[in-house]
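Here the working numbering is used: the first residue of the sequence shown is 18, the next is one more, and so on.
These notes are about the structure you will find just below.
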Amino acid sequence: MRIEPFLDKFPLIAIFRGITPEEVVGIAEEVVSAGFQILEVPLNSPRPLESIELLARKFPDLLIGAGTVMSGGDVRAVAQAGGKLILMPHSDPAVLRQAKESGMLCVPGVATPTEAFAALGNGADALKLYPAEQITPAVVKAWRAIMSPAVRLLPVGGIVPESMQPYLQAGANGFGLGSALYKSGFTAEQTGSNARRFRDVLENLVTQGQRQSPGPI
């Protein structure tokens, strides 16, 4: 399995921090209808493994995974729940190795070129640039100049529709979307509206050619 086909279809990752199993399918249906291919349930959400299992059963053709993964034990639990993707706020080689041994995709969080190249050396499938508030478009442009075009750079943290353009121009390949898409208490309708707003802005930017890095969106 590779992450590129999912990102090529739709390069936005839905992060459902704080979601509950009771609401996860209804909210996910709204997001998926807007085109999302990758759904993340952070492990500091209520009963996250139940939510991951529900999503994996409901959407077998999508990439379902966990965020805020902190240990190898977390990786194994996510795999047992049917998750296929591990995302983390840091770049722990032990977590990365466990994900690879479990046959899962892994996107570690990095904030410096040193962390980025170390993560790639340990088998990272893409890089989560976190927090994006700290990693500006100018930083992304500098990173892109020294990294292979094949490396997927995904800013995460504080991303809103209006902030995507400068990152895409700098060479970002996609984004992880948190509270501007969903936060605890949002209804399915609210989340769906947010998802469509992100989609529409993204499609408009792609039509205008506001993007440097290779590969389709």
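A virtual CB, placed ideally from N, CA and C, is assigned to each residue, including glycine.
(1) Taking one C-beta from the stretch 36-43 and one from the stretch 62-75 each time, how about it: are there three or more such pairs within less than 8 Å?
(2) Candidates R34, Q115, G126, L222: which alpha carbon is nearest P183's?
(3) By a C-beta neighbour count over all protein chains shown, 10 Å radius and 16 as the cutoff for buried, is S50 buried or exposed?
(4) Does at least one heavy atom of the ligand NAP sit under 6 Å from the Cβ of I20?
(5) Keeping to the same chain, check which residues put their C-beta closer than 8 Å to that of I69; ignore five residues upstream and five downstream.
(6) Considering Cα atoms alone, identify which of R19, T224, I152 is closest to L79.
(7) What are the residues that DSSP puts in a beta bridge with L29?
(8) My guess is that I152 and L144 are in contact by the Cβ rule of under 8 Å, so how many angstroms apart are they, rounded?
(9) Do the CB positions of V218 and A187 come within less than 7 Å of each other?
(10) If you measure between the beta carbons of P148 and A136, is that distance less than 7 Å?
(11) By Cβ distance, which residues of its chain are closer than 8 Å to Q225, with the 5 residues on each side in sequence left out?
(12) Decide if A45 is buried, meaning its Cβ has at least 16 other Cβ atoms within 10 Å, or exposed.
(13) Going by CA-CA distance only, name the one from L71, V127, G140 that's closest to E118.
(14) Can you list, in chain order, the residues of its chain with a C-beta nearer than 6 Å to that of I234? Leave out the 5 residues immediately preceding and following it.
(15) What are the start and end residues of the alpha helix (DSSP H) that includes K145?
(16) By a C-beta neighbour count over all protein chains shown, 10 Å radius and 16 as the cutoff for buried, is I30 buried or exposed?
(17) Does G175 pass the burial test, meaning 16 or more other C-beta atoms within 10 Å, or should it be called exposed?
(18) Would you identify the three-state DSSP class for E220, choosing helix, strand or coil?
(19) Report the partner residues of I152 according to the DSSP bridge assignment.
Short version:
(1) Taking 8 Å as the limit for Cβ pairs, the verdict is that the stretch 62-75 does touch the stretch 36-43.
(2) That would be L222, whose Cα lies nearest to the Cα of P183.
(3) Of the residues assessed, S50 falls on the exposed side of the cut-off, its CB having fewer than 16 other CB atoms within 10 angstroms.
(4) The ligand NAP is not among the ligands present in this structure, which contains no ligands whatsoever.
(5) Excluding the 5 residues flanking it on each side, I69 has same chain C-beta neighbours closer than 8 Å at V58, I81, G82, A83, V95, A98, G99, G100, in chain order.
(6) For the residues R19, T224, I152, the minimum Cα distance to L79 belongs to R19.
(7) Bridge partners of L29: F192.
(8) Their Cβ separation, rounded to whole angstroms, is 10 Å, which puts I152 and L144 out of contact at 8 Å.
(9) Taking 7 Å as the Cβ cut-off, V218 and A187 do not qualify as a contacting pair.
(10) Result no, Cβ atoms of P148 and A136 do not sit closer than 7 Å.
(11) Listed in chain order, the non-local C-beta contacts of Q225 below 8 Å within the same chain number zero, local neighbours out to five positions each way being set aside.
(12) Label assigned to A45: buried.
(13) Closest by alpha carbon: G140.
(14) With a pLDDT of 45 at I234, under the threshold of 50, the predicted position of this residue should be treated as unreliable, though the coordinate-derived value follows. The residues are P28, V223.
(15) For K145, no alpha helix (DSSP H) run applies; the uninterrupted beta strand (DSSP E) run containing it begins and ends at 144-146, by DSSP.
(16) I30 sits buried, since 16 or more C-beta atoms from the chains shown fall within 10 Å of its C-beta.
(17) Exposed is the call here.
(18) Note: E220 maps to helix in three-state DSSP.
(19) The secondary-structure analysis by DSSP pairs I152 with nothing; it has no beta-bridge partner.
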